[in-house]
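Chains as they are written, first to last, in numbering that gives the first Met the number 0: chain Z, 0 to 300; chain Y, 0 to 212; chain C, 0 to 648.
Positions of the beta carbon are idealized from the N, C-alpha and C atoms, including for glycine.
All figures in this text were calculated on a predicted structure; none of them were measured in a lab.
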Amino acid sequence: MTLILDLLPRFALWFVLAPLLPGIINKVKAWVAGRRGPPVLQLYYDLARLWRKGVVLSTLASPGFVFGPAVAWVAVMGAALLLPLGPAGGAPGFRGDMLVLIYLLALARFGTAWAAMETGSAFEGMGVAREVSYAVLAEAALITAMLALCVQTGSTSLAAMLAPAAGADAALLAAGLFVVLLAENCRVPFDDPNTHLELTMIHEVMVLDHSGPPLAVILHGASVKLLLFALLLTEAVLPVGKLAPGVAAAALAGGVLAVTVGAGLVESLLARLAFRRVPLLLTTAFLLCLFALLMAWKGGA
Amino acid sequence: MNETTNLLIGIAMGLNLLALGSSRLPTLILAMSAQGVVLGLMPLLIVEPPDWRVLLVAVATVAGKGLVIPHLLRRAMRTAHIDREVEPFIGFVPSLLLGAGGTIAAVAVARTLPLLPEHSGSLLVPGSLASVLTGFVLLIGRAKAISQVCGYLILENGIYLFGLLLIHSTPLLVESGILLDVTVGVFIIGIIVDRIQRAFDSLDTRKLTALRE
Amino acid sequence: MTPGVPLLFSAACLLGGVVCGPRRARTWLALTLAGAAGALGAALLVLGGAPDWEWRHGFAVGGETLHFRLDGLSALFLALLGLVAGTGAIYAQEYWPEAHYPASAPGGRSWWCGLVLGMGLVLVSANGLHFLIAWELFTVCAFFLITLDRQRREVRKAGWLYLAASHAGTVCLFAFFATLAARTGSWEIGPLRGRLDCAPLFWLALAGFGVKAGLFPLHIWLPAAHAGAPSHVSAILSAVAVKMGVYGLIRFSGWLPAPAAAGWVVTGLGAVSALFGIAFALAQNDLKRLLAYCTVENVGIILTGLGAAMLGAAHGDAPWGRLALAGALLHVWNHGAVKALLFFGAGSVLHATGTREMSRLGGLWRAMPWTASLFALGAVAIAGLPPLNGFVSEWLVCLGLFDAATRPGPSAWAATPAAMVLAVAGALALATFAKAAAIVFLGAARTRSAEHAHECGALMRGPMLALAALCLALGLAPVWFWPAIARAAGAWNPAWAGREPPAPLAILGPLQGMLALLAVAAAAGLWWKSRANGWRRGLTWDCGYAHPSARMQYTSGSFAGIAAGWFGWLLRPERRIRRPRGPLPAAASWMERVPETVLERVLGPAGRALLRLSSAARRLQHGRVQAYILYVVAGLLAVGTLVLLGGMP
Numbered sequence: 000m001t002l003i004l005d006l007l008p009r010f011a012l013w014f015v016l017a018p019l020l021p022g023i024i025n026k027v028k029a030w031v032a033g034r035r036g037p038p039v040l041q042l043y044y045d046l047a048r049l050w051r052k053g054v055v056l057s058t059l060a061s062p063g064f065v066f067g068p069a070v071a072w073v074a075v076m077g078a079a080l081l082l083p084l085g086p087a088g089g090a091p092g093f094r095g096d097m098l099v100l101i102y103l104l105a106l107a108r109f110g111t112a113w114a115a116m117e118t119g120s121a122f123e124g125m126g127v128a129r130e131v132s133y134a135v136l137a138e139a140a141l142i143t144a145m146l147a148l149c150v151q152t153g154s155t156s157l158a159a160m161l162a163p164a165a166g167a168d169a170a171l172l173a174a175g176l177f178v179v180l181l182a183e184n185c186r187v188p189f190d191d192p193n194t195h196l197e198l199t200m201i202h203e204v205m206v207l208d209h210s211g212p213p214l215a216v217i218l219h220g221a222s223v224k225l226l227l228f229a230l231l232l233t234e235a236v237l238p239v240g241k242l243a244p245g246v247a248a249a250a251l252a253g254g255v256l257a258v259t260v261g262a263g264l265v266e267s268l269l270a271r272l273a274f275r276r277v278p279l280l281l282t283t284a285f286l287l288c289l290f291a292l293l294m295a296w297k298g299g300a
Numbered sequence: 000m001n002e003t004t005n006l007l008i009g010i011a012m013g014l015n016l017l018a019l020g021s022s023r024l025p026t027l028i029l030a031m032s033a034q035g036v037v038l039g040l041m042p043l044l045i046v047e048p049p050d051w052r053v054l055l056v057a058v059a060t061v062a063g064k065g066l067v068i069p070h071l072l073r074r075a076m077r078t079a080h081i082d083r084e085v086e087p088f089i090g091f092v093p094s095l096l097l098g099a100g101g102t103i104a105a106v107a108v109a110r111t112l113p114l115l116p117e118h119s120g121s122l123l124v125p126g127s128l129a130s131v132l133t134g135f136v137l138l139i140g141r142a143k144a145i146s147q148v149c150g151y152l153i154l155e156n157g158i159y160l161f162g163l164l165l166i167h168s169t170p171l172l173v174e175s176g177i178l179l180d181v182t183v184g185v186f187i188i189g190i191i192v193d194r195i196q197r198a199f200d201s202l203d204t205r206k207l208t209a210l211r212e
Numbered sequence: 000m001t002p003g004v005p006l007l008f009s010a011a012c013l014l015g016g017v018v019c020g021p022r023r024a025r026t027w028l029a030l031t032l033a034g035a036a037g038a039l040g041a042a043l044l045v046l047g048g049a050p051d052w053e054w055r056h057g058f059a060v061g062g063e064t065l066h067f068r069l070d071g072l073s074a075l076f077l078a079l080l081g082l083v084a085g086t087g088a089i090y091a092q093e094y095w096p097e098a099h100y101p102a103s104a105p106g107g108r109s110w111w112c113g114l115v116l117g118m119g120l121v122l123v124s125a126n127g128l129h130f131l132i133a134w135e136l137f138t139v140c141a142f143f144l145i146t147l148d149r150q151r152r153e154v155r156k157a158g159w160l161y162l163a164a165s166h167a168g169t170v171c172l173f174a175f176f177a178t179l180a181a182r183t184g185s186w187e188i189g190p191l192r193g194r195l196d197c198a199p200l201f202w203l204a205l206a207g208f209g210v211k212a213g214l215f216p217l218h219i220w221l222p223a224a225h226a227g228a229p230s231h232v233s234a235i236l237s238a239v240a241v242k243m244g245v246y247g248l249i250r251f252s253g254w255l256p257a258p259a260a261a262g263w264v265v266t267g268l269g270a271v272s273a274l275f276g277i278a279f280a281l282a283q284n285d286l287k288r289l290l291a292y293c294t295v296e297n298v299g300i301i302l303t304g305l306g307a308a309m310l311g312a313a314h315g316d317a318p319w320g321r322l323a324l325a326g327a328l329l330h331v332w333n334h335g336a337v338k339a340l341l342f343f344g345a346g347s348v349l350h351a352t353g354t355r356e357m358s359r360l361g362g363l364w365r366a367m368p369w370t371a372s373l374f375a376l377g378a379v380a381i382a383g384l385p386p387l388n389g390f391v392s393e394w395l396v397c398l399g400l401f402d403a404a405t406r407p408g409p410s411a412w413a414a415t416p417a418a419m420v421l422a423v424a425g426a427l428a429l430a431t432f433a434k435a436a437a438i439v440f441l442g443a444a445r446t447r448s449a450e451h452a453h454e455c456g457a458l459m460r461g462p463m464l465a466l467a468a469l470c471l472a473l474g475l476a477p478v479w480f481w482p483a484i485a486r487a488a489g490a491w492n493p494a495w496a497g498r499e500p501p502a503p504l505a506i507l508g509p510l511q512g513m514l515a516l517l518a519v520a521a522a523a524g525l526w527w528k529s530r531a532n533g534w535r536r537g538l539t540w541d542c543g544y545a546h547p548s549a550r551m552q553y554t555s556g557s558f559a560g561i562a563a564g565w566f567g568w569l570l571r572p573e574r575r576i577r578r579p580r581g582p583l584p585a586a587a588s589w590m591e592r593v594p595e596t597v598l599e600r601v602l603g604p605a606g607r608a609l610l611r612l613s614s615a616a617r618r619l620q621h622g623r624v625q626a627y628i629l630y631v632v633a634g635l636l637a638v639g640t641l642v643l644l645g646g647m648p
């Protein structure tokens with residue numbers, strides 16, 4: 000019972016705050032380009048509108064077309080709830096919950112991939128193939144980053160792993176996790192959320208056929224995932240556990256904002272990579288995390 | 000002092016990986032020259048207090064590796080109309096993984112070497128081994144003569160780093176010998192590049208296999 | 000009740016099944032089910048807390064008196080055997096009926112009982128000689144089951160390959176048991192943890208059992224045999240027969256003292272099998288070959304856990320070793336249940352469409368909703384995703400590895416790369432099963448046969464439902480199954496005998512349940528909301544293309560292309576390409592086949608080179624007497640020269 004009472008406000012927080020991030024990124028992009036840009040709350044309006052709209056289903060689609068996004072959303076939300084919220088700690092923190100988090104993200108990927116394959120569209124097949132393939136490299140980098148944090152703190156529970164500051168390897172870890180963030184959330188330079196050229200996309204091309212409430216759920220899930228990675232990156236680097244609760248909350252918010260603005264700046268200043276270069280960048284991220292792990296080992300030994 | 004030198008060598012190791020992973024010649028040249036500058040500053044940190052000879056050596060190295068050589072290479076690229084793409088025999092991801100594996104192995108191997116106690120905690124030896132290895136991967140795995148020059152220079156950076164172990168006893172000798180060596184090497188390569196360019200109208204070393212008859 | 004009673008009952012039923020199999024299908028089914036239930040009951044008795052069962056009898060077979068033993072570890076495997084033997088027998092009634100296969104169905108029933116009996120005997124034998132006899136019995140029965148459809152050339156080839164590879168392994172096992180018997184002075188096998196001089200024998204066991212388990216470079220027989228065999232046979236091969244190799248490795252790594260390097264080698268081999276197995280699986284276009292390579296991956300995961308457990312046992316019985324061992328043991332069950340389910344599903348597809356080529360299928364969910372949803376469940380489970388069972392065991396193994404990695408010491412050097420490799424293999428498994436399930440069941444039918452598919456009947460659906468229910472139970476309430484795992488772990492290493500589950504496992508169960516509940520609720524909610532908002536059906540949008548056709552869909556090859564390309568150095572796909580040329584191009588084509596690299600690129604050429612050498616040597620032997628006399632003279636001269644050069648005494 001107490002667990003549920005603890006989870007509900009967390010859930011509300013994630014649910015409400017997550018769609019803010021894409022708005023901030025778009026604002027940063029507009030600001031760099033000298034435009035006014037859409038309002039920060041644009042995604043909320045979009046979600047509300049989509050939630051009320053009807054659905055067009057492909058003639059080929061099975062019920063999995065609707066179930067996939069729902070399962071993916073639950074998985075992402077579950078992963079988000081596992082992540083400790085700075086001073087509030089983790090909800091059901093236990094040993095090995097960081098593995099559950101990674102696998103929940105994988106479940107979310109399976110859900111969206113399944114839904115995309117339902118339509119038999121070549122474009123969506125292409126998107127899914129890219130998504131699941133690049134995720135292999137991103138997951139290698141992510142698990143290495145987790146290993147680095149585990150080795151540093153000697154613990155395998157997220158709450159203990161993320162409380163102290165990362166050591167000398169913080170810069171490496173931050174860089175590696177930032178690249179993973181960009182890849183997992185399909186941002187530039189891996190994917191361009193703004194483009195409408197289907198051949199060059201990953202995430203957007205997977206949702207081409209979705210509409211109405213399922214699309215709303217997918218978009219909301221994607222924003223939660225973005226917030227999750229931004230928070231993970233911030234907590235991995237900042238010594239949240241050592242600060243007073245108020246300061247820690249402020250530091251977390253500031254960190255997430257900084258990461259978001261960073262993603263926006265990257266998006267404004269860089270072009271999308273050619274697809275054959277994507278593995279190179281992801282390997283670099285993996286190596287950054289690997290060297291962070293080695294430094295953590297050296298520090299511990 | 001040890002912390003700072005280790006940081007510098009760590010940056011140099013990172014630049015090694017950048018050199019292995021870069022697909023554009025200007026980036027490769029930049030990585031190589033940045034590494035030269037970073038390593039050129041090292042004698043100032045190692046010899047305390049720095050006397051005029053060390054200062055001279057440092058200035059010469061930084062100027063040579065950081066300014067003159069990259070400038071020469073960029074000019075060669077411009078005048079010979081070499082396009083910016085690096086053509087790899089060994090793909091970028093494999094060479095990156097090779098370089099990273101080599102770096103890790105270098106750190107592991109250096110622990111087992113019988114070093115002086117003052118060098119045991121420093122990254123001098125692993126950094127040197129890693130740079131030499133990177134240089135070899137670039138020399139073996141890249142097609143264009145310019146990228147081979149860069150590989151050669153990174154290899155030389157590794158040797159130079161190894162030479163720093165001796166800087167307390169024979170500072171000027173080591174350094175000037177190496178600088179001389181590099182200068183000669185670059186001149187020779189410059190001449191070769193020029194000859195290849197004239198003979199084949201291209202700088203692709205693969206065409207040299209036509210000479211085997 | 001002592002476990003001996005159901006065991007004897009089970010053996011009697013199975014013997015009856017062997018005898019009456021060819022003639023009476025119904026009696027056979029009843030006997031097999033009773034036999035399977037007996038084995039399952041005996042296993043559950045032991046796993047539930049009954050003391051180990053031992054039985055000796057003066058009757059001698061091959062000069063050795065009978066000695067049987069059923070302890071926690073063998074009971075764990077026996078339970079799996081009973082489960083798959085029973086479900087497979089029911090499945091075969093509809094899948095391989097007498098009406099369609101009058102020549103092979105009757106024999107197949109007898110061989111089935113023989114196979115189950117043989118594997119059961121392997122599990123309970125406490126005598127090396129009888130172990131070998133039982134091992135041979137089940138190998139031979141499996142050969143006849145694989146070649147049930149022996150009209151087809153590829154099936155015969157797969158069968159011979161299986162037989163040859165198995166016997167190469169059996170040679171190692173003969174050497175292993177014979178040396179062991181010579182050193183200990185008796186064929187009896189049992190705990191010998193103090194006999195340090197027996198440690199090097201572990202390498203023989205690793206080679207012998209590794210062939211059966213399908214460890215990476217020794218897996219050559221596995222894909223062809225699994226693909227060629229009837230699906231119920233593939234299921235028991237993959238779920239249980241391959242596990243016999245795993246059983247042997249776990250058994251003797253626990254009983255014998257292991258060499259110092261063994262933990263490292265087993266962890267390394269396991270990680271390599273996991274990664275390369277799944278890389279091969281991803282590149283396959285044949286559904287059953289894909290599942291077969293996935294078996295290699297899962298055996299790799301099990302052995303990674305076992306290797307970590309051996310490292311842990313060698314480092315003062317570290318608790319992380321227990322976690323990894325528990326994960327490995329649980330994965331034996333999980334993989335058995337899921338892989339049987341998936342092979343049954345693949346069999347159902349094959350039954351309905353007549354093809355295993357994924358690029359000829361598609362859109363089957365409409366005709367086969369049960370198969371499609373059960374296969375999807377199996378795909379989620381085998382990809383190791385929560386909230387199903389595959390996740391629980393992979394999580395335990397990974398947790399053990401992570402714990403090992405965080406403790407400074409040499410085992411961290413083995414655990415860290417292994418954890419990374421398992422993560423990559425997990426992500427590749429997701430890609431593989433997203434591909435397999437989606438290409439076969441979703442989208443539009445690619446051929447006419449896929450269009451006219453039909454759902455399988457109750458006898459095929461029932462076993463799949465039972466296995467799926469078990470997968471759900473194993474995933475949602477892993478704590479229920481913990482006592483069994485703990486018992487088996489205690490049989491492996493007495494230091495780890497405690498019954499209490501590791502703390503996080505108690506939380507994981509409810510968490511998985513909550514996740515499953517929420518996922519179902521969210522799916523239902525979204526379905527209801529979409530329906531309330533009103534939906535209409537339309538063509539797949541496909542970026543405005545007005546005439547999408549089934550041939551435009553992504554195929555299995557194109558889906559796997561990116562990730563398989565990274566492993567191109569290993570997979571070496573053979574491609575035949577006719578590119579479209581010029582304006583108004585004529586027909587173009589693209590054919591790709593991924594060979595079994597180890598077999599076709601390494602063993603094949605090596606074998607041919609050996610044959611060439613031998614046939615060159617054969618020229619010396621031609622029947623001309625004069626030449627033979629020449630050889631004798633030349634030989635004498637050579638010996639004489641040698642003696643002369645060496646100096647006369």
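| Item | Value |
| --- | --- |
| If the cut is a Cβ gap below 9 Å, which residues of chain Z does residue 536 (chain C) touch? | 55, 56, 57, 58 and 60 |
| Quick check: the Cα distance between residue 223 (chain Z) and residue 279 (chain Z), rounded to an integer number of angstroms? | 27 Å |
| Among Z:45, Z:18, Z:136 and Z:76, whose alpha-carbon lies nearest the alpha-carbon of residue 276 (chain Z)? | Z:136 |
| Ignore the nearest five residues each way along the sequence and tell me which others in residue 284 (chain C)'s own chain have a CB closer than 7 Å to its CB. | 356, 357, 358, 555 and 556 |
| In chain order, what are the residue ranges of uninterrupted beta strand (DSSP E) at least 3 long that sit wholly in the stretch 543-604 of chain C? | 573-577 and 588-592 |
| Quick one: does residue 382 (chain C) have its CB under 9 Å from some CB of chain Z? | yes |
| Under DSSP, the beta strand (DSSP E) around residue 59 (chain C) begins and ends at which residues? | 52-60 |
| Mind listing the chain Z neighbours of residue 88 (chain Y)? Cutoff is C-beta to C-beta under 9 Å, in chain order. | Chain Z residues near residue 88 (chain Y): none, gap ~16 Å exceeds 9 Å. |
| Name, please, each residue of chain C whose Cβ falls closer than 9 Å to the Cβ of residue 183 (chain Z). | What residue 183 (chain Z) touches in chain C: nothing, since even the nearest Cβ is about 12 Å away. |
| Which whole-angstrom value is the C-beta distance of residue 295 (chain Z) and residue 168 (chain Z), which I expect to be below 8 Å? | 6 Å |
| Spatial neighbours of residue 491 (chain C) within its chain, please: CB distance less than 7 Å, with the 5 preceding and 5 following residues excluded, ordered by chain position. | 72, 249, 253 and 324 |
| So, is the C-beta of residue 278 (chain Z) closer than 9 Å to a C-beta in chain Y? | yes |
| To be precise: take each residue of the stretch 100-114 of chain Z, compare its Cβ to all Cβ atoms of chain C, and keep it if any distance is under 7 Å. Which residues remain? | 102, 103, 105, 106, 108, 109, 112 and 113 |
| Looking at residue 30 (chain Y) and residue 87 (chain Y), is the spacing between their C-beta atoms short of 9 Å? | no |
| With a threshold of 9 Å between beta carbons, is residue 141 (chain Z) in contact with chain Y? | no |
| Measuring straight from C-alpha to C-alpha, what distance separates residue 482 (chain C) and residue 189 (chain C)? | 23 Å |
| Relative to the alpha-carbon of residue 65 (chain Y), which residue among Y:110, Y:37 and Y:18 has its alpha-carbon at the smallest distance? | Y:37 |
| What does a CB cutoff of less than 6 Å around residue 213 (chain Z) pick up in its chain, not counting 5 residues either side in sequence? | 65 and 68 |
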